[in-house]
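Here's the structure we're looking at; comments come further down.
Residue numbers (the working numbering): 85 to 117.
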């Protein structure tokens, strides 16, 4: 298990989530700051 922390622009959030899903990543949490 690895912890990855990143900052993503709001307009790219969906692209990042899709890429993580394709990479079989589970347990993603996002928050707006």
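Ideal Cβ positions, reconstructed from N, Cα and C, are used throughout, including at glycine.
Keep in mind it's a predicted model, so treat the numbers as computed, not measured.
Check, Outcome
"CB-CB length for residue 114 against residue 97, believed under 8 Å", "7 Å"
"Closest Cα partner of residue 93 within the set 86, 101 and 105", "101"
"Cut-off 8 Å between Cβ atoms - residues of its own chain near residue 112, not counting five sequence neighbours on either side", "101 and 104"
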